[in-house]
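*Asks:* Attaching a single structure in structure tokens format; questions to follow.
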Amino acid sequence: MDPLHQFHIKPIISLVIGKYDLSFSNSALSMILVVTLIYALMAYGMRNRSMVPGRLQSAAEIFYEFLAGMVRENAGHDAKPFVPFVFTLFMFILFGNLIGMVPWAFTFTSHIIVTFALAIFVFLMVTLVALVKHGFKFFTFFMPHGVPIWLAPILIPIEFISYLSRPISLSVRLFANMMAGHTMLKVFAGFTIMLGSSLGAMGYAAGMLPVLINFALIGFEILVACIQAYVFSLLTCLYIRDALELH
Amino acid sequence: MAMPFVPTKGSLSGSSGDLASEDGFPGLKNLEERLSQVRARRVSSEPVESSDAASDESAKKMLALAYRIGTEMVAALIIGVGGGIAIDSWLGTRPWGLIIMFFLGAGSAVSNIYRSINGIGYAIGYRKISGNDEKRQNGSEPSDGRGGGSES
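Below, the structure written as structure tokens:
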């Protein structure tokens, strides 16, 4: 009955080395499942490479075209080497979100440590790309052009905080949306059970109402799952563009 | 014979039968033309799309923007307040680090939101909009869609 019970990490194969708990958990199982599914879609879908694509090949091509287009539009032409990265990121998050919509499945994107790991990787990569490409010119990033010099002591910290807030906003957005959505579904489902157990037959009749709400919410959650994957990879593209061009 | 033909959406329509006919490959004549069209689409930042797809795309971008704004603010405040507390416990300047960093965090929260609404031309370290930038900015700005930039 606890609506947060669905987020519990349960070790499947316990493994503790020294101080570190390296158990194979349901979260890890879910990630491996997602990676397997993506690989299966891509490898099995593209096995024929026919001119007129079949259903799976079509799906694989749509994903590729969509992401390649997104990187081209939002990150510029120099960002072509980053297409595989953004593609991997998008597919991992999208499939992770969507597989969480299957009953009894575990949603690993509802854990902030997972989303933060993804976000900090994007952040470090973008910073390194900017540093390698532009060297010390990177630090002019924090001082917008045409600003009077006496504003620098205020503006540079503000820009720096703004830059540091990128991985936080990336990870919190994804985690909060997934966790809130799944909790809400569980809370509404819990209403039905509570009504039924306390009011009997009349309660079950009234319990139809939360079911109807859940029916709408599940559709909404699937939309959120796709939109969040899109937002995450879109922002990655924008950050890559910032790093490459540095204005 | 393997054709150097890229099957993107739209380019196959209507003329796919021409390729199959034997008498001198009439499809090959406009194949070059279509190839250059596809290549132009690869190079230009504005994909050629119908207005229906464009409005669908802009709705998706609006929704994506709406999801961005709230967390942009919270994230900057988290960094500001968290950094302030960290500075205080490190240097023992309680409560001044928290107070100053809170206001700086709030400032960057507001500027984060201002930037995400105005599009990427206002990204951190924004210098000036060159011609190239302006074009791309139109593509990313939800209100504009892709009405103007397709002449490139």
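From first to last, the protein sequence lines are chains A and B. Letter by letter, the first sequence follows residues 0 to 246 in numbering that gives the first Met the number 0. Letter by letter, the second sequence follows residues 0 to 151 in numbering that gives the first Met the number 0. We put the CB at the ideal spot given by N, CA and C, even for glycine. A quick note: this is a predicted structure, and the numbers were derived from the prediction, not measured.
Taking the beta strand (DSSP E) that residue 12 of chain A falls in, what are its first and last residues?
*Replies:* The residue you call residue 12 of chain A lines up with position 13 of the first sequence. Where residue 12 of chain A is concerned, the enclosing beta strand (DSSP E) stretches over 10-12.
*Asks:* When DSSP builds the beta bridges, which residues end up paired with residue 19 of chain A?
*Replies:* Position 20 of the first sequence, counted from the first residue, corresponds to residue 19 of chain A. DSSP lists A:16 as partners of residue 19 of chain A.
*Asks:* By the DSSP assignment, the alpha helix (DSSP H) with residue 152 of chain A in it spans what residues?
*Replies:* To locate residue 152 of chain A, count along the first sequence from 1; it is residue 153. Residues 151-198.
*Asks:* Is residue 198 of chain A near the ligand ATP, with its Cβ less than 7 Å from a heavy atom?
*Replies:* As for the ligand ATP, it is missing from this structure, which has no ligand bound.
*Asks:* In terms of DSSP beta bridges, what is residue 24 of chain A paired with?
*Replies:* As a working mapping, residue 24 of chain A is identified with position 25 in the first sequence. According to DSSP, residue 24 of chain A bridges with A:10.
*Asks:* By Cβ distance, which residues of its chain are closer than 8 Å to residue 176 of chain A, with the 5 residues on each side in sequence left out?
*Replies:* As a working mapping, residue 176 of chain A is identified with position 177 in the first sequence. Excluding residues within five positions, the ones whose Cβ falls inside 8 Å are 223, 227.
*Asks:* Quick one: any contact between the stretch 125-144 of chain A and the stretch 75-84 of chain B, if contact means 3 or more CB pairs under 8 Å?
*Replies:* Not touching, per the Cβ criterion.
*Asks:* Assign residue 48 of chain A to one of three DSSP states: helix, strand, or coil.
*Replies:* As a working note, residue 48 of chain A is residue 49 in the first sequence. Residue 48 of chain A: coil per DSSP, three-state reduction.
*Asks:* Quick one: complete alpha helix (DSSP H) runs, 4+ long, within the stretch 78-121 of chain B?
*Replies:* Correct list: 95-117.
*Asks:* Going along chain B, which residues have a C-beta under 8 Å from residue 226 of chain A?
*Replies:* Position 227 of the first sequence holds residue 226 of chain A. Near residue 226 of chain A (Cβ distances below 8 Å), the residues of chain B are 59, 62, 63, 66.
*Asks:* Mind pulling the chain B residues with CB within less than 7 Å of residue 163 of chain A?
*Replies:* Start at 1 with the first residue of the first sequence, and residue 163 of chain A comes out as number 164. By Cβ distance, chain B contributes 78.
*Asks:* Starting from the beta carbon of residue 48 of chain A, find every residue of chain B whose beta carbon is closer than 8 Å, and list them in chain order.
*Replies:* Here residue 48 of chain A is taken as the residue at index 49 of the first sequence, counted from 1. Per Cβ cutoff of 8 Å: no residues; residue 48 of chain A is ~11 Å from chain B at best.
*Asks:* How is the alpha helix (DSSP H) around residue 56 of chain A delimited, first residue to last?
*Replies:* Counted from its first residue, the first sequence places residue 56 of chain A at position 57. Start and end: 54-74.
*Asks:* Nearest chain A C-beta to residue 111 of chain B closer than 8 Å, yes or no?
*Replies:* Working through the second sequence from its first residue, we reach residue 111 of chain B at position 112. So, interface residue.
*Asks:* With residue 232 of chain A as the anchor, note down where its alpha helix (DSSP H) starts and where it stops.
*Replies:* Position 233 of the first sequence, counted from the start, is the residue given in the question as residue 232 of chain A. That run of the alpha helix (DSSP H) goes 207-244.
*Asks:* With three or more C-beta pairs closer than 8 Å as the rule, is the stretch 1-12 of chain A touching the stretch 20-33 of chain A?
*Replies:* Verdict: yes, contact present.
*Asks:* Nearest by alpha-carbon distance to residue 234 of chain A: which of A:169, A:203, A:217 is it?
*Replies:* Start at 1 with the first residue of the first sequence, and residue 234 of chain A comes out as number 235. Of A:169, A:203, A:217, the residue nearest in Cα terms is A:169.
*Asks:* How many angstroms separate the CA atom of residue 158 of chain A from the CA atom of residue 110 of chain B?
*Replies:* For this step, residue 158 of chain A is matched to residue 159 along the first sequence. For this step, residue 110 of chain B is matched to residue 111 along the second sequence. Their backbone Cα atoms lie some 9 Å apart in a straight line.
*Asks:* Closest by CA to residue 85 of chain A, which one among A:72, A:236, A:13?
*Replies:* Reading the first sequence from its first residue, position 86 is the one you call residue 85 of chain A. Ranking A:72, A:236, A:13 by Cα distance to residue 85 of chain A puts A:236 first.
*Asks:* Find out if the Cβ-Cβ distance for the pair residue 107 of chain B, residue 75 of chain B is shorter than 8 Å.
*Replies:* Residue 107 of chain B sits at position 108 when you count from the first residue of the second sequence. Residue 75 of chain B sits at position 76 when you count from the first residue of the second sequence. Closer than 8 Å, so yes.
*Asks:* To the nearest angstrom, how far is it from the Cα of residue 239 of chain A to the Cα of residue 69 of chain A?
*Replies:* Here residue 239 of chain A is taken as the residue at index 240 of the first sequence, counted from 1. Here residue 69 of chain A is taken as the residue at index 70 of the first sequence, counted from 1. Rounded to whole angstroms, residue 239 of chain A to residue 69 of chain A spans 12 Å at the Cα level.
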